[in-house]
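J.: One structure coming up, written as structure tokens, with questions to follow.
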Amino acid sequence: MPPAGLPGIGENAGMLMQRTVKTATRTVGVGVHGGHRVELTLRPAPADTGIVFRRIDLDPPVDIPVRADTVCDTRMASTISPGGDPALPKVQTIEHLMSACAGLGIDNLVVDIDSEEVPILDGSSASWVYLLKSAGIEVQGAPRRFIRVRKPVEVREGEGATLKWARLEPYAGYRLAFEIEFNHPAIDATGRRVEFDFGSGRYERDIARARTFGFTREVEAMRAAGLGLGGNMDNVIVIDDYRVLNADGLRYDDEFVKHKILDAIGDLHIAGRPLLGAYSAYKSGHALNNRLLRLLLADAGAYDIVSYAPRDNAAPAGFAAAEAAPAW
Ligand SMILES: [Zn+2]
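Set out below in structure tokens:
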């Protein structure tokens, strides 16, 4: 029996049924961390497939389903491998593509990739939104199965200046709030807190264009660790000790914290199903977001799985009614 009172969710109205892409679409780019050229194809997939990366450079190809428990590394990016085993083939930096999938309500995809890192493209999820929309969105014949948060779960790390936390709690819709604190003049001069509600906001307009960012003072250490090798001012906001170095400046006044929301949306979509709940976080990142998701999914009392029939009267106006119309 579908729960009552679920709000319409803005541009995502009509998202009660599972979705995939209509046709395959391909892109070529470079991995921001490994720096390798990579070719990637987004392919339609049947209902209930979820999102599956397929390493087609390996013989035989290796499938890696996107799930909370296939995440094997969260340093600077979210990386998956079969069963979360770091010794097995990986796909790194999946979060921006996952974020675009969450923003457009994509549940099912097979993603062919010929290297171990998703291309960074422009450093945001706007390029992924464009690609997915170019491929066309196909509404499928099976209801979406939402993970509905039933009780609060929270992860914390550190204290005082090193404190970070992330939390999920029940909410009739999907809302995120994020606060950053970098003690850096260029970042402090921008908005440090942002809220985004899928019910009233527009992912593509409000969030998708926010790019990843990095500090020149960390470049050496990152490169020594084999990270950031493909980063440059075309795909990263680069900040020295005082200011943003990109000639064109920022895309949003609060682009940094918006990128953290974009990442969180992607990290949470790794659950494999859309979420219904309120996420809030302070200085969280890929590692804490993944711990939060695992904590939620490990507690059968903390969530349930709900679906809504397309024209169910209990489904809210503006949600079911939009089902027949294309989403965009
Ligand atoms: Zn990111």
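So our numbering is basically just the index in the sequence shown, starting at one, shifted up by 194. Ideal Cβ positions, reconstructed from N, Cα and C, are used throughout, including at glycine. Bear in mind the structure is a predicted one, so any value in this text is a computation, not a measurement.
#1: Residue 262 to residue 410, Cα distance in whole Å?
#2: Are the CB atoms of residue 400 and residue 390 nearer to each other than 8 Å?
#3: Measuring alpha carbon to alpha carbon, tell me which of 257, 252, 253 ends up nearest residue 244.
#4: For residue 414, count the other beta carbons within 10 Å of its own beta carbon; 16 or more makes it buried, fewer makes it exposed. Which is it?
#5: Could you pull out every residue in the same chain whose Cβ sits closer than 6 Å to the Cβ of residue 298, ignoring the five residues on either side in sequence?
#6: Using 8 Å as the cut-off, can you tell me whether the stretch 337-357 makes contact with the stretch 489-502, which would need three or more C-beta pairs spanning the two stretches below that distance?
#7: In whole angstroms, what separates the C-alpha of residue 437 from that of residue 374?
#8: With ligand 1 as the reference, list in chain order each residue whose Cβ lies under 5 Å from any of its heavy atoms.
#9: So, at 8 Å on beta carbons, what are the nonlocal neighbours of residue 211 in its own chain, with the 5 sequence-adjacent residues on each side left out?
#10: Which runs of the alpha helix (DSSP H), 4 residues or longer, sit entirely within the stretch 384-427?
#11: Report yes if the CB atom of residue 217 is closer than 8 Å to the CB atom of residue 329, and no otherwise.
#12: Take residue 240 and list the residues in its own chain whose beta-carbon comes closer than 7 Å to its own, dropping the five residues that flank it on each side.
#13: Does the count of Cβ pairs from the stretch 439-456 and the stretch 264-281 closer than 8 Å reach three?
#14: How should residue 427 be labelled, buried or exposed, when 16 other C-beta atoms within 10 angstroms of its C-beta is the threshold for buried?
#15: Leaving out the 5 sequence neighbours to the left and right, which residues in its chain are closer than 6 Å to residue 250 when beta-carbon positions are compared?
#16: In the DSSP output, what is residue 306 paired with across the bridge?
#17: Given that a residue counts as buried once 16 or more other Cβ atoms are within 10 Å of its Cβ, and exposed if not, what is residue 222?
#18: Check whether the stretch 352-365 and the stretch 466-480 touch, using three or more Cβ-Cβ pairs below 8 Å as the test.
#19: Have a look at 345, 483, 288 and flag the residue whose alpha-carbon is nearest the alpha-carbon of residue 318.
#20: Run the CB neighbour count on residue 520, radius 10 Å, all protein chains shown included, and call it buried at 16 or more, exposed below.
#21: Let me know if residue 214 comes out buried or exposed under the rule of 16 or more other beta-carbons within 10 Å of its beta-carbon.
T.: So, from the data block:
#1: Residue 262 and residue 410: Cα-Cα distance of roughly 32 Å.
#2: Going by C-beta atoms, residue 400 is nearer than 8 Å to residue 390.
#3: Nearest option by C-alpha distance: 257.
#4: Counting Cβ neighbours within 10 Å, residue 414 comes out exposed, since fewer than 16 surround it.
#5: Within the same chain, Cβ atoms closer than 6 Å to the Cβ of residue 298 are found at 326, the five residues on either side in sequence being excluded.
#6: They touch, by the three-pair rule.
#7: Counting only the Cα atoms, residue 374 lies some 17 Å from residue 437.
#8: The answer, residue by residue, is 406, 457.
#9: 333, 334, 335, 336, 337, 338, 504, 517, listed in sequence order.
#10: Qualifying alpha helix (DSSP H) stretches, in chain order: 397-400, 410-418.
#11: Their beta carbons are under 8 Å apart, which means residue 217 touches residue 329 by this criterion.
#12: Counting only Cβ-Cβ distances below 7 Å, and skipping sequence neighbours, we find 302.
#13: Too few Cβ pairs lie closer than 8 Å, so no.
#14: So residue 427 counts as exposed.
#15: So the qualifying residues of the chain are 306, 308.
#16: According to DSSP, which records beta bridges pairwise, residue 306 is partnered with 235, 248.
#17: If you draw a 10 Å sphere on the C-beta of residue 222, you find fewer than 16 other C-beta atoms in it, and that means exposed.
#18: These segments touch.
#19: For the options 345, 483, 288, the alpha carbon positioned closest to that of residue 318 is the one of 288.
#20: Bear in mind that the predicted position of residue 520 carries a pLDDT of just 34, short of 50, making it too unreliable to give a figure here.
#21: Burial call: buried.
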